[in-house]
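Student: Be aware that the sequence shown starts at 129, since it is given in my numbering, and climbs by one per residue. I have a structure I would like to understand better, so I am pasting it below and will then ask my questions one at a time.
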Amino acid sequence: MKKPIIKVNNRLKGDWGTTDTTPGKRPVIQINVKKHKADPFKKRYTLKQALADTMTHELMHAKHPRMTEKSVYKKTAKKMRSISKAEINKLVNKI
Ligand SMILES: [Zn+2]
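In structure tokens:
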């Protein structure tokens, strides 16, 4: 996978994040930080945890463009159950 380009886009319609992949090009991940602040996943998470969850999810799309939404969702949930604080900070610092 080419290194993804990560940017903040607070105008994403209804989404916490998106990933655009074009074969041969760097994937482009957009994160709606404003939406995370307004709704860190129904208060289940802190803001940092919510951003780390979205980053894990979008990075998975970038790495596996053909993986289904359902699989990405499941794998992200699994990873988030055992993620460390250091990993969370590392993901959040990429944004
Ligand atoms: Zn997705």
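Cβ coordinates follow ideal geometry from the N, Cα and C atoms, glycine included.
#1: So, residue 133 versus residue 145, is the Cβ gap smaller than 8 angstroms?
#2: Please classify residue 190 as buried or exposed, where buried requires at least 16 neighbouring CB atoms within 10 angstroms.
#3: For residue 175 versus residue 165, is the C-beta distance shorter than 8 angstroms?
#4: Nearest CA to the CA of residue 187: which residue from 177, 204, 151?
#5: Taking C-alpha atoms, which residue in 140, 150, 152, 179 lies nearest to residue 217?
#6: Please identify the residue among 130, 139, 137 whose C-alpha is closest to the C-alpha of residue 149.
#7: Could you give the DSSP three-state label for residue 181: helix, strand or coil?
#8: List the DSSP bridge partners of residue 135.
Tutor: Quick look at the numbers:
#1: no
#2: buried
#3: yes
#4: The candidate whose alpha carbon is nearest that of residue 187 is 204.
#5: 179
#6: Answer by Cα proximity: 130.
#7: helix
#8: 158
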